[in-house]
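S.K.:
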Amino acid sequence: MDGFIKTEGLYFWYNNEENQPNIVLDNINLSIKQGEFVCIIGHNGSGKSTLAKTFNTILLPMGGKVYVDEMDTSDEKLFYDIRQNVGMVFQNPDNQIVATVVEEDVAFAPENLGVPTEIIRERVDYALKAVNMYDYKEHSSHLLSGGQKQRVAIAGVIAMKPKCLVLDEPTAMLDPKGRKEVIETIRKLNKEDGITIVLITHFMNEATLSDRVVVLNNGTVLLDGTPKDVFQNAGLLKSVGLDVPQTTELMFALREKDIKVPLAVLTSDECIEVLTKYLKNEK
0 MDGFIKTEGL
10 YFWYNNEENQ
20 PNIVLDNINL
30 SIKQGEFVCI
40 IGHNGSGKST
50 LAKTFNTILL
60 PMGGKVYVDE
70 MDTSDEKLFY
80 DIRQNVGMVF
90 QNPDNQIVAT
100 VVEEDVAFAP
110 ENLGVPTEII
120 RERVDYALKA
130 VNMYDYKEHS
140 SHLLSGGQKQ
150 RVAIAGVIAM
160 KPKCLVLDEP
170 TAMLDPKGRK
180 EVIETIRKLN
190 KEDGITIVLI
200 THFMNEATLS
210 DRVVVLNNGT
220 VLLDGTPKDV
230 FQNAGLLKSV
240 GLDVPQTTEL
250 MFALREKDIK
260 VPLAVLTSDE
270 CIEVLTKYLK
280 NEK
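Numbering-wise, the sequence shown is residues 0 to 282 according to numbering that gives the first Met the number 0.
1) Would DSSP call F89 helix, strand or coil?
2) At a cut of 8 angstroms, does the region 185-195 reach the region 214-226 through at least three beta carbon pairs?
3) With a threshold of 16 other CB atoms inside 10 Å of the CB of T247, please say whether the residue is buried or exposed.
4) Using the Cα positions of P175 and P20, report the straight-line distance between them to the nearest angstrom.
5) Output the distance between the C-alpha atoms of G155 and M61, rounded to the nearest integer angstrom.
6) Along the alpha helix (DSSP H) that carries L173, what are the first and last residues, could you check?
7) Here's a check: name, in chain order, each residue in its chain whose Cβ is nearer than 7 angstroms to the Cβ of V229, leaving out the five neighbours to either side.
8) What is the DSSP secondary structure of I271, reduced to helix, strand or coil?
9) Taking the CB atoms as reference points, tell me whether A51 and V165 lie closer together than 7 angstroms.
10) If we ignore side chains and look at the alpha-carbon of each, how far apart do T116 and A158 end up?
11) Any chance you could list the beta strand (DSSP E) runs of at least 3 consecutive residues sitting entirely within the region 176-225, in chain order?
12) Considering only C-alpha positions, which residue in the set V273, L274, G41 is nearest to L241?
13) Cα-Cα, which of D210, T99, N84 is closest to P161?
14) Please report the residue range of the beta strand (DSSP E) in which T6 lies.
15) What would DSSP say about I96, mapped onto helix, strand or coil?
16) What's the C-alpha gap between L274 and G234?
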């Protein structure tokens, strides 16, 4: 089976007040490879958080299948193994921190899994070093900044040794410094440790850093490709209520003025290069 996480004809719905199904995921077919960094974007209500929760059995398919490392998420006997492989990090780190001291919080999940004490010590140290919080291991959790708390929450998941991290808008409640800290941590875990990353975000500049962007709209996959491939569809993304990176926004505005510049410009350096070339040609 191709893909570490794979969905086949995935459906999910909630019943409304009239007890009629409100379809949230409508025939989703996705395959995410081991070691890939995939970003899922979409407007509020597009189904992205619901999709993420099907990846580690928080929600189960109402139609179709979800597989994690070839394990069927609808098989109750496999729930433990699936949750060992796919760790979830949510929006508010305060809801995930359970201990008053940083290292005790990171040790909480392995202790509850019955991991031997000497191995827990190794895992806690590894996890805190991985998120660059080792020097804070004896600090009080409630005195940390938002970005630091989120990194501790990530460390708590890493201590369970998952192959994949699913992060549901982990930077939404953070200031720019905190967002930068968390995104740098996620990229490091992906590039250096080979952990598969599924990041849900509404910050388009974060999406540009991924290997692949999946755009959901009304429960279906609207676009799926590299950041350059996806964000060159600026008009389509805007039509479904999504922003684009600031550099792409500038290119889009220039194109509307009949200035011939490429749309797939994602970084400030690329933007400077394109504009410099254009201005030289105009002289």
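Virtual Cβ for every residue (Gly too), placed ideally from N, Cα, C. If you're wondering where the values come from, they're calculated on a predicted model, not measured in any experiment.
M.R.: According to the structure data:
1) Counting from 1 along the sequence shown, the entry for residue 89 is found at position 90. Note: F89 maps to coil in three-state DSSP.
2) no
3) Stepping through the sequence shown from its first residue, residue 247 is reached at position 248. It is buried - the Cβ of T247 has at least 16 other Cβ atoms within 10 Å.
4) In the sequence shown, the residue the question calls residue 175 occupies position 176. In the sequence shown, the residue the question calls residue 20 occupies position 21. The straight-line gap from Cα to Cα measures roughly 39 angstroms.
5) Along the sequence shown, one-based indexing puts residue 155 at 156. Along the sequence shown, one-based indexing puts residue 61 at 62. Taking the straight line joining both Cα atoms gives about 30 angstroms.
6) For this step, residue 173 is matched to residue 174 along the sequence shown. For L173, no alpha helix (DSSP H) encloses it, and the DSSP letter there is neither H nor E.
7) Stepping through the sequence shown from its first residue, residue 229 is reached at position 230. Once the five neighbours on either side are set aside, the close Cβ partners of V229 are V212, V214, L222.
8) As a working mapping, residue 271 is identified with position 272 in the sequence shown. In this structure, I271 counts as helix in the three-state DSSP scheme.
9) If you number the sequence shown from 1, residue 51 lands on position 52. If you number the sequence shown from 1, residue 165 lands on position 166. Cβ distance < 7 angstroms, so A51 and V165 count as in contact.
10) As a first step, residue 116 must be located in the sequence shown, where it is residue number 117. As a first step, residue 158 must be located in the sequence shown, where it is residue number 159. If you take the alpha carbons of T116 and A158, they lie about 13 angstroms apart.
11) 195-199, 211-216, 219-224
12) For the purposes of this step, residue 241 is taken as the residue at position 242 of the sequence shown. Ranking the options by Cα distance to L241, first place goes to G41.
13) Residue numbering aside, residue 161 sits at position 162 when the sequence shown is read from its first letter. With respect to the C-alpha of P161, the residue from D210, T99, N84 having the closest C-alpha is N84.
14) Here residue 6 refers to the residue found at position 7 of the sequence shown. Looking at the DSSP string, the run of the beta strand (DSSP E) that includes T6 is 4-14.
15) For this step, residue 96 is matched to residue 97 along the sequence shown. It is coil, neither helix nor strand.
16) Here residue 274 refers to the residue found at position 275 of the sequence shown. Here residue 234 refers to the residue found at position 235 of the sequence shown. Those two C-alpha atoms are separated by around 21 angstroms.
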